[in-house]
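>
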Amino acid sequence: MMVYIYAPNGNCIVWGGWNIPPTGGCTNVGTGFNNSWPGNWDTTVNGFYTYTLPLGAYGLAGSGNWSVTIQNAWTGSSVATYDLDIVFDGICEGDCFIPSACNYNPFADLVNNDLCIFADDLYSPPGVYDCDGNCLLDFDGDGICNALEIPGCQEPWACNYNPQATDPAPPSDPCSYPESNEVDCQGNSLLPQFLAQPQDVTVSCDNVPESPPVSAQPAPAALAYYGLFPESCYDAMDNVEFSFTETLYPGNCPGNYTIDRYWVITDCNGLQNAILQTITVVDNLPPVIVTDLTPDTLDCNDPVFFTPLLAEDECGGDWSVSGEPSFVFLPGDCVGESVQKKYTTVTDECGNEIEVEQVLLIEDNDPPFWLEEPLEQIFTDNIDGETFDVPVADDVCSNFEVDMTTTYNDGLCPLSVVLTRTFVATDQCGNASAPFIQTITEETDLEASLASVTPVTCHNGNDGTAEVEFSGGVAPYTVDWNGYNPASLPAGEYSVQVLDANLCSVLIDEILITQPAPFSIDLEAIIPECNDPESGQIVPDVNGGTGNVSIDWNGINPNAVAAGTYNAVATDEAGCVAYAEVTVAPAEIPVSLELNGDTEVVQGDSAAYYYEYTLGSTYEWWYSGALEEQALASFAISVLWDTTGFVCVQETNLEGCVGDSVCLDVTVLDDVWSVGEVVLLPRLRAYPNPAFDIMTLSVPAEWVGHTYTIFNALGARVDDGRFEGENHVIDVEALSAGQYMLKPQAALGITFQVAKRH
Numbered sequence: 003m004m005v006y007i008y009a010p011n012g013n014c015i016v017w018g019g020w021n022i023p024p025t026g027g028c029t030n031v032g033t034g035f036n037n038s039w040p041g042n043w044d045t046t047v048n049g050f051y052t053y054t055l056p057l058g059a060y061g062l063a064g065s066g067n068w069s070v071t072i073q074n075a076w077t078g079s080s081v082a083t084y085d086l087d088i089v090f091d092g093i094c095e096g097d098c099f100i101p102s103a104c105n106y107n108p109f110a111d112l113v114n115n116d117l118c119i120f121a122d123d124l125y126s127p128p129g130v131y132d133c134d135g136n137c138l139l140d141f142d143g144d145g146i147c148n149a150l151e152i153p154g155c156q157e158p159w160a161c162n163y164n165p166q167a168t169d170p171a172p173p174s175d176p177c178s179y180p181e182s183n184e185v186d187c188q189g190n191s192l193l194p195q196f197l198a199q200p201q202d203v204t205v206s207c208d209n210v211p212e213s214p215p216v217s218a219q220p221a222p223a224a225l226a227y228y229g230l231f232p233e234s235c236y237d238a239m240d241n242v243e244f245s246f247t248e249t250l251y252p253g254n255c256p257g258n259y260t261i262d263r264y265w266v267i268t269d270c271n272g273l274q275n276a277i278l279q280t281i282t283v284v285d286n287l288p289p290v291i292v293t294d295l296t297p298d299t300l301d302c303n304d305p306v307f308f309t310p311l312l313a314e315d316e317c318g319g320d321w322s323v324s325g326e327p328s329f330v331f332l333p334g335d336c337v338g339e340s341v342q343k344k345y346t347t348v349t350d351e352c353g354n355e356i357e358v359e360q361v362l363l364i365e366d367n368d369p370p371f372w373l374e375e376p377l378e379q380i381f382t383d384n385i386d387g388e389t390f391d392v393p394v395a396d397d398v399c400s401n402f403e404v405d406m407t408t409t410y411n412d413g414l415c416p417l418s419v420v421l422t423r424t425f426v427a428t429d430q431c432g433n434a435s436a437p438f439i440q441t442i443t444e445e446t447d448l449e450a451s452l453a454s455v456t457p458v459t460c461h462n463g464n465d466g467t468a469e470v471e472f473s474g475g476v477a478p479y480t481v482d483w484n485g486y487n488p489a490s491l492p493a494g495e496y497s498v499q500v501l502d503a504n505l506c507s508v509l510i511d512e513i514l515i516t517q518p519a520p521f522s523i524d525l526e527a528i529i530p531e532c533n534d535p536e537s538g539q540i541v542p543d544v545n546g547g548t549g550n551v552s553i554d555w556n557g558i559n560p561n562a563v564a565a566g567t568y569n570a571v572a573t574d575e576a577g578c579v580a581y582a583e584v585t586v587a588p589a590e591i592p593v594s595l596e597l598n599g600d601t602e603v604v605q606g607d608s609a610a611y612y613y614e615y616t617l618g619s620t621y622e623w624w625y626s627g628a629l630e631e632q633a634l635a636s637f638a639i640s641v642l643w644d645t646t647g648f649v650c651v652q653e654t655n656l657e658g659c660v661g662d663s664v665c666l667d668v669t670v671l672d673d674v675w676s677v678g679e680v681v682l683l684p685r686l687r688a689y690p691n692p693a694f695d696i697m698t699l700s701v702p703a704e705w706v707g708h709t710y711t712i713f714n715a716l717g718a719r720v721d722d723g724r725f726e727g728e729n730h731v732i733d734v735e736a737l738s739a740g741q742y743m744l745k746p747q748a749a750l751g752i753t754f755q756v757a758k759r760h
């Protein structure tokens, strides 16, 4: 920056700059980058720099105009921005030396008329006032200069009021006033004003506005106009009074009607203003549905049911359903799902209607279920060949598929497996059933037990057997007897192992095969009785054997044998045999002799009977049809006959041998019958054999096939029978000792007595 200062005396100085030389012939007090003055201005840094220059030292003086020129003196910058303040201290402006000037100074040392101030510079209009502000001309002395006097209406409330008027209005142009008390001079209404004016509106019945708070004020024109008067009521009361009425006019339906609202305001001057607001209420709202229209979600198995509609009329009228509802069925993503819609038109009394949509969301959230479930645990011995039942599924809403997965695991035995089948039913909506898990296990419950053991039949034999029974497991089975044949075992202890196809095994040990004790038979001979050469006996003595033992006597009766040598073979129930031989010695048997006595007697007769006497022998008598009277020395007897009967005797010799019974049949005749007639009657003949407890009957031929009954002495029936032939044998061993009667069918009976030997 290069600075030039010019003084009124014509002198000038220049300083500063960088690489541009000064012009104009001013005194160079330090320019250029080598002589830049002042020294602290030798910088390129932005900043504020000051320096005081003594102008008198360089010959700068004089009254007049001082000027300063600033030049960019650096060619390296096309643009330089400076903010330079030049302050001149100690300079005197001078004084005005013109006598007509208001600031004239006749004693001025330095004349500077540029500083003169005149009356026209102080007051307007020019030529009217002096330097003190007094009128140069005021003929009427009212303080208003003649040039400034203005005639006009001086009443502020007049319409032609002239605030500049200095004199009253001339008669030709008197004061004028407003046309009425409701307007001012400009025609502005002086009536009080509504600050917010309710507007006529048409609204819906649900949006009828409340009566608004109406605010009002005196008209600003009234305040302004009456404010021109010396006094005004508005100075003490600037509010207004209100009155309000509202009238309702019904329309053609409950929701259509009209409301008139009328406000009147009055200010303190009695000025009034009014406003009418007409509200036209229309029912343009359809009925409001009270029923919750949120879509209902139903299960596909639930009955389809739309909630009955309930509605309200916003405007207070009734509502009804128009026409019949319509229905829309929209299929869902799967068979079991759908969207069902019901459309119903609801109308109010003003004809507003709304179509109501009700939505049912039918969802299939029910998984298939198992209708039939087979066994969950199955044990089988044919896991590869057997067909196993599968569960049967059902779904109430849609079709479904049943998937089965299978896994195999090791069983309990080396080769056994466990098959697990998992069934899951999935319907068309993706709902999956609970898994049904079926476990099929190969039988590992191999059980084996000893079914039977047959001992050796005969001592030292080898026909013992052992049989094992087994179940469970998987066929085929292997039975290991360690080399023995279980169907031909000698006595001893054995073990057996049973294995199935999966190598499940059961060991049975301590199987004991027994054998019977040694089997033998001994024979003891008993000689025959004396009276029966074949009454000898052979008594066996069996040792050992199994169960009942049968003896083969080679055709003889061991209880009735004659003297001789015999052998017997004993066989037990097991088939074991034993052999023995014995010799039976002969016995002496008494010879049957003649029994003497009457064979025909008359009833009530006494008869004696005699048997030939043998020394040392004893005799036993028995009879039928008579009473004993006397026995003579045992070999004779006397009886009293009552009915036809018999008398018998049996001899026992000194050796105790008993002979055969010897009997006589005795016919007893009464005193009516003739002997010839009696002989013609058929009758029984009895021949007792006490040795064998039997009685042989000689039966008439015509009685063969007839029945008979045996009664005891008390008359009780003790036996029945039928005559099988003309020689009929009766076994009396079972009868106790006593008197008996044998009564043939439709014929006379016979009596007999049973005596027991001790």
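Residue numbers (the working numbering): 3 to 760. Backbone N, C-alpha and C define an ideal beta-carbon position, used for all residues, glycine too. Since this is a predicted model, take the numbers as computed values, not measurements.
1) Hey, how far is the Cα of Thr620 from the Cα of Thr516?
2) At 3 residues or longer, and completely inside the segment 612-657: list those beta strand (DSSP E) runs for me, N to C.
3) Along the chain, where does the beta strand (DSSP E) that runs through Leu377 open and close?
4) List the endpoints of the continuous beta strand (DSSP E) containing Tyr131.
5) For Gly618, which of Ser473, Glu657, Pro215 and Ser594 has the nearest alpha-carbon?
6) DSSP three-state call for Leu117: helix, strand or coil?
7) Taking 9 Å as the threshold (C-beta atoms), are Tyr742 and Ile712 in contact?
8) Relative to the C-alpha of Pro478, which candidate in Ala503, Thr456, Ala468 and Tyr496 has its C-alpha closest?
9) Out of Ser418, Pro23, Thr654 and Tyr264, state which residue places its alpha-carbon closest to the alpha-carbon of Glu248.
10) Just the Cα atoms here: how many angstroms apart are Pro767 and Phe246?
11) Considering only residues of the segment 355-422, which uninterrupted beta strand (DSSP E) runs meet the minimum length of 3 residues and lie entirely inside it, listed in chain order?
12) I need the DSSP call for Gly566, collapsed to helix, strand or coil.
13) Kindly give me the distance between the Cβ atoms of Val720 and Gly661, rounded to whole angstroms, as I take these residues to be in contact under 8 Å.
14) When DSSP labels each residue in this structure, what does Asp208 get in the three-state scheme?
15) How many whole angstroms separate the CB atoms of Phe648 and Tyr613, which I take to be in contact at a CB cut-off of 8 Å?
16) Ignore the nearest five residues each way along the sequence and tell me which others in Ser700's own chain have a CB closer than 6 Å to its CB.
17) Checking the sheet assignment: what are the DSSP bridge partners for Val2?
18) Anyone know if the C-beta pair for Tyr228 and Asn162 falls short of 9 Å?
19) Would you decide whether Ile761 is buried or exposed? Buried here means 16 or more other CB atoms lie within 10 Å of its CB.
20) Helix, strand or coil for Glu726, going by three-state DSSP, please let me know.
21) Kindly list the residues whose CB is nearer than 6 Å to the CB of Asn464, restricted to its own chain and excluding five residues on each side of it in sequence; keep chain order.
22) I need the boundaries of the alpha helix (DSSP H) containing Tyr227, first residue and last residue.
23) Looking only at its chain, what residues have a beta carbon closer than 6 Å to the beta carbon of Thr422, apart from the 5 residues adjacent to it on each side?
24) Residue range of the beta strand (DSSP E) that Glu243 falls in?
25) What separation, rounded to the nearest whole angstrom, lies between the Cα atoms of Pro173 and Gln156?
26) What residues are listed by DSSP as bridge partners for Asp350?
27) For the segment 496-570, list the beta strand (DSSP E) runs that are entirely contained and at least 3 residues long, ordered along the chain.
28) Find out if the Cβ-Cβ distance for the pair Val242, Ile281 is shorter than 9 Å.
29) Apart from the five residues just before and just after Asn561, which ones in its own chain have a Cβ nearer than 6 Å to its Cβ?
30) Rounded to the nearest angstrom, what separates Gly485 and Val571 at their Cα positions?
31) Taking DSSP's pairing of strands, which residues face Gln4 in a bridge?
32) For the beta strand (DSSP E) containing Pro690, list its first residue and its last residue.
33) Give the single residue among Glu374, Ala450, Leu414 and Thr467 whose Cα lies nearest to the Cα of Phe425.
34) What residue range is occupied by the uninterrupted beta strand (DSSP E) comprising Gln741?
35) At what residues does the beta strand (DSSP E) containing Met697 begin and finish?
36) Check the C-beta distance from Gly19 over to Thr33 and give it rounded, since I have them as a contact under 8 Å.
For this structure:
1) So the two alpha carbons sit approximately 58 Å from each other.
2) 620-634 and 638-654
3) Taken as a continuous stretch (DSSP letters only), Leu377 belongs to no beta strand (DSSP E), as it is neither H nor E.
4) Annotation: Tyr131 is outside any beta strand (DSSP E) and is labelled neither H nor E by DSSP.
5) Glu657
6) helix
7) yes
8) Ala503
9) Of all alpha-carbon atoms in Ser418, Pro23, Thr654 and Tyr264, the one lying nearest the alpha-carbon of Glu248 is that of Tyr264.
10) Residue 767 falls outside the range modelled here, since the chain spans only 3 to 760, and no answer is possible.
11) Counting only runs of 3 or more, we get 355-365, 371-374, 379-382, 394-396 and 402-412.
12) strand
13) Not confirmed; about 29 Å, so no contact.
14) Asp208 carries a helical assignment under DSSP once its states are collapsed to helix, strand and coil.
15) Not really, about 14 Å apart at Cβ, beyond 8 Å.
16) Arg687
17) No answer is possible for residue 2: the residues shown for the chain start at 3 and end at 760.
18) no
19) This structure gives no information on residue 761, because the portion of the chain shown stretches from 3 to 760.
20) coil
21) Ser490 and Pro492
22) Pro222 to Tyr228
23) Thr409 and Thr441
24) Glu243 to Pro252
25) 13 Å
26) Trp321
27) 507-515, 522-528, 539-545 and 551-554
28) Their beta carbons are not under 9 Å apart, which means Val242 does not touch Ile281 by this criterion.
29) Contacts found: Gln539.
30) 37 Å
31) The question names Gln, but residue 4 is Met in the sequence shown. Met4 pairs with Gly18 and Gln73.
32) Note, Pro690: beta strand (DSSP E), Arg687 to Asn691.
33) Ranking the options by Cα distance to Phe425, first place goes to Glu374.
34) Gly740 to Pro746
35) Ile696 to Ser700
36) 4 Å
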